[in-house]
Structures are given as C-alpha cells and as structure tokens.
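In the working numbering, the protein residues as written are 30 to 524. Note that CB positions come from ideal geometry on N, CA and C, so glycine has one too. All values reported here derive from a predicted model rather than from experimental measurement. Reviewing the structure listed below.
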C-alpha cells in the first residue's frame, strides 16, 4: 500500500511538469540459470524481432544481468536516408529525425527505484558504422538492397531480467500514466501482463541442436597482398600528415546453415566478454561477444573505455605474463594507446561538466580467450542539458575503429576500404526510459543472414606499421568467431 502511495505522489508531482510518466512494474520469480539457454533458443526460433543482451562477464560493472525481450511495441529504422516506423505490423515513413523519434519516447519522466537494474525497458539499439552520416558530413558507401539497416531501434515495454548469481528472474512491464488515468487499474493490468509472460516463459523449452552442419572456409574481401598494399597507402597519408592513425579492416564471409542462437552460446562458452548479444531483426541476426565499451551514461556518469594494443594469447599462463610485459614496453602500441586516451578525453569532455573528466584506469592488461589488450577508462560527469543523441554521437564511432583525427581517418577509410562496414564497428546497446544507456562497439561480432555469416576486423595503421603484422592482427581477432561458428555447426555446445 505504501508503494502505491509513493507512485501516486510521483504521478501527482510529475503531472505539473510532464504530460505523462512511465512506471516500471515488476514481479520477481525464482529461476534456474540453466534455463536461460532453453528460453533464448525458444525466443530466437519463434520471434523474428527479439534480443538477448548479457553483462554477466563485465568485471568492471555492477550490472551482471542478462536481458531478453520479444515482440517490440514499435520499431524505428533508417535506410537510404529515410526514417521509418514499424507499428502494428505496418511500416510508414516518418518526416521526423532519428533523435526526435527517440526523444518522443524518452521525454517522459520515469519512476526510479534504487533496486532497478540499469535497463527496465526502452530501446534496444543498433547504429551501423555508416550512421555517422546522421551527425557528420562524411562520405559513406550507400545502403544496398538486402543490407542491414543503418539504424534499428526496437522499443520493448516488457522485458526479462535474469541474474544468474541470484537465480532470480524479474519481469518488467512499463506502464504509461497520463493525467486522469487510474493508477491502481493500470498496475493490476500490468501484473496480468507480467503473469502471462511468466506462464509463457515456463513453456519455453526447446532441445539443444544436435544436427551437424558442414563447416565451410571463409573468404576475405582482400588478398594478403591487397591488404598490405593498402597498409602502405595508409602509411603514405600518415607521413604526409593527414592522420596519425587509420584503422583498416577486412571483411570475411562464410557460407553456413548454422542455427544462430547456437553461435551465441558457443561465444559465451569460449569467449566470455563484457558484452554478449544476439539481436534478431527479421532474417538478420547480429551476434557478438564484444570486449569494448563504446560509450555509456549511467546515473550521471559518462564513460568510455579505449582498447588498443593486442597480442595473441599463449596456451601457457607463464608465457602470457611475459607477453603482457612485452606489450606494455612496445613503443608503437603505447604511443597508439596514448593517442586514443586523448581522443577519449576529448569525446567525454564535449558532453561533461567542465573539470569533471578523469582517467580512472590507465594502460592495464585485460585477458580474453584468444587475445590480450591494453585497456584504459575515461569518465566524466554528464552535462544535464544534453540528450541521448548528443552524448552517443560524442563518442561514435569510437577512435579505436577509425583512427585519429577521426574525421579525416573516416574519409580515408571510405577511400581505402572496398565496401560499407554495416553493423561492424558501429554501436549495439540498451537505452532505458530514464535516458541512461550502455553501448558496446560491434567488434568480435558477426551477421548471419540467409545462410551467410559476415564478420570483420581491423588493425590500427601508424607510420612504422609492418603490413604483414597488421594483416595477421586482423586474422588473430577473428579466430574466436571462426571457432564459434565451427563449434555451433558441429553441435558441440556444452552449455
């Protein structure tokens, strides 16, 4: 009863300033963590518009939840310079900008509770690399027929939040209250929605795939010689003073009949990373285990986490310590990383209060399944006058996937790379109704669409880069994706 009174007071106080408010209602249930895989297999098979986003392995975050949802109430997409809204099964063009369409949903005051996770509902977002054209006049390759849209924003009013450590499941349903509406009735209706979702979840069971599919070789859009020639061309621009660094990527394709959800679980098993995700948009599957934060804004704090400097892991632990020490002594890698720290400071500084930007982690080694990286973290206090679009694009795309200075580096990427990047090196994340958001860079990620897996990796080219080494760095970064595909194709998931 006290809780209802608190909500009623919140509504009354808010209606003097807002037209409507958003209140997340939730119920909590016991949940066996081993059911996660059955539930997602079921959702991924049955619902073409759905998502899985897990922070379980993010050691630097308090958020250890796994988020899932299906049947978004609204979808916003951008393709070929036009914005569309998909609602009630109909697709209509919108004359509004992407940021206006986002703010239309987020400009409602949300009831906050300290027990809420970072995401209780809102947009599940994908911004492809070429969506930089929304914010900067940069030449980019046009969207071709059959390409994944530049921007996809799926609005979820009901989501599952699973905490494996606590064996708990919370189902959130976000209700919108307008002046004159009866709060108690809305809450009771919301609880019915939640209970229906829970009863549906109990029936979500599907056997793991035991089918074995053929594993095909992958093919790059560059030969080794072609890539090395482009590295040398990039070095010419660097020597002329156009840029300090350019990140040159190569794209690989592989034919596969694999079940996409099995690739997600293979990645979870062999490459547990801070961001583990599977986004389903019709026939498109974007799957990844990204190590790198793009930009996030939580509780008034904005953070970026530059990752630059890579070495392949050894099977021997003692040898990895030696490799890590050598990496931190590598002058090229250290100079590159320092440049990206400065870029991160500038990105955060543009949207933070003056004097609030701090380097909270400097050049530490983080170990993953196949590679190790040098990592730093930059944090600032959010400038309250700015919205999601302002903050997100202050750091998008990340300097670690473009080079520096960013604008000129992106112009040269468009010149030197033979095709659009699409989802690769873009941003994947969750935008809460509170306007808080958390996003990662779409690296160590793949697209599966119509029996074709597409994945990409790049290397940071500087004045003394050795072309063959940069080519090999791309290959090293993609080993985990190739392996995950093969494990899933052979039905060897042990989860």
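- Of 304, 179 and 269, the smallest CA-CA separation from residue 455 is found for 179.
- In the structure shown, the three-state DSSP call for residue 473 is coil.
- When the Cα atoms are used, residue 428 and residue 443 turn out to be separated by approximately 15 Å.
- The straight-line gap separating the alpha-carbon atoms of residue 358 and residue 391 is approximately 14 Å.
- Excluding five sequence positions before and after residue 197, the CB atoms of its chain that fall closer than 8 Å to its own CB belong to 57, 58, 59, 60 and 191, given in chain order.
- Secondary structure remark: continuous beta strand (DSSP E) runs of at least 3 residues inside the region 302 to 374, in chain order: 304 to 310, 313 to 319, 322 to 327, 330 to 333 and 336 to 341.
- The region 179 to 189 and the region 481 to 493 do not touch, with fewer than three beta-carbon pairs separated by less than 8 Å.
- Judged by DSSP secondary structure, residue 461 falls within the beta strand (DSSP E) whose first and last residues are 456 to 461.
- Look at residue 172 here: in three-state DSSP terms it is coil, with no helix or strand label.
- Residue 223 is not a Cβ neighbour of residue 352, given a cutoff of 8 Å.
- Fully contained in the region 124 to 170 are the following beta strand (DSSP E) runs of length 3 or more, in chain order: 151 to 156.
- Residue 337 and residue 89 have their C-alpha atoms spaced approximately 17 Å apart.
- Residue 423: member of the alpha helix (DSSP H) spanning 417 to 423, first to last residue.
- With the rule of 3 Cβ pairs closer than 8 Å, the region 359 to 379 does not count as touching the region 277 to 286.
- Residue ranges of uninterrupted beta strand (DSSP E) with 3 or more members, entirely inside the region 472 to 519 and ordered along the chain, are 474 to 477 and 481 to 490.
- For residue 515, the closest alpha carbon among the candidates 326, 243, 396 and 320 is that of 243.
- Of the residues assessed, residue 325 falls on the buried side of the cut-off, its CB having 16 or more other CB atoms within 10 angstroms.
- In terms of Cα proximity to residue 257, the closest of 506, 499 and 509 is 499.
- At a Cβ-Cβ threshold of 8 Å, residue 404 and residue 334 count as neighbours.
- With respect to residue 447, residue 250 sits close: the two C-beta atoms are nearer than 8 Å.
- Here DSSP, grouped into helix, strand and coil, assigns residue 287 to coil.
- Each residue's CA atom was taken as its position, placing residue 168 and residue 489 some 20 Å apart.
- By the neighbour-count criterion, in which a residue is buried when 16 or more other Cβ atoms sit within 10 angstroms of its Cβ, residue 254 is exposed.
- The continuous stretches of alpha helix (DSSP H) do not include residue 272, and DSSP gives it neither H nor E.
- For residue 389, the number of other beta carbons within 10 angstroms of its own is below 16, and it is reported as exposed.
- A straight-line Cα-Cα distance of about 13 Å links residue 287 and residue 70.
- Three or more Cβ pairs closer than 8 Å define a contact, and the region 454 to 470 meets that threshold against the region 148 to 155.
- Under the DSSP assignment, residue 233 falls outside any alpha helix (DSSP H); it carries neither an H nor an E label.
- The three-state secondary structure of residue 83, taken from DSSP, is strand.
- Counting C-beta atoms within 10 angstroms of its own C-beta, residue 112 has 16 or more neighbours from the protein chains shown and is therefore classed as buried.
- Leaving aside the five residues that flank residue 37 on each side, the residues in its chain whose CB is nearer than 8 Å to its CB run, in chain order, 212.
- The region 381 to 440 contains, as complete alpha helix (DSSP H) runs of 4+ residues, the segments 417 to 423 (chain order).
- Of the residues 117, 507, 185 and 422, the one whose Cα lies closest to the Cα of residue 378 is 422.
- Secondary structure at residue 451: coil, using DSSP grouped into helix, strand and coil.
- In this structure residue 285 is in contact with residue 245, their Cβ atoms being roughly 7 Å apart against a cut-off of 8 Å.
- Counted as a single uninterrupted DSSP element, the beta strand (DSSP E) harbouring residue 111 occupies residues 111 to 116.
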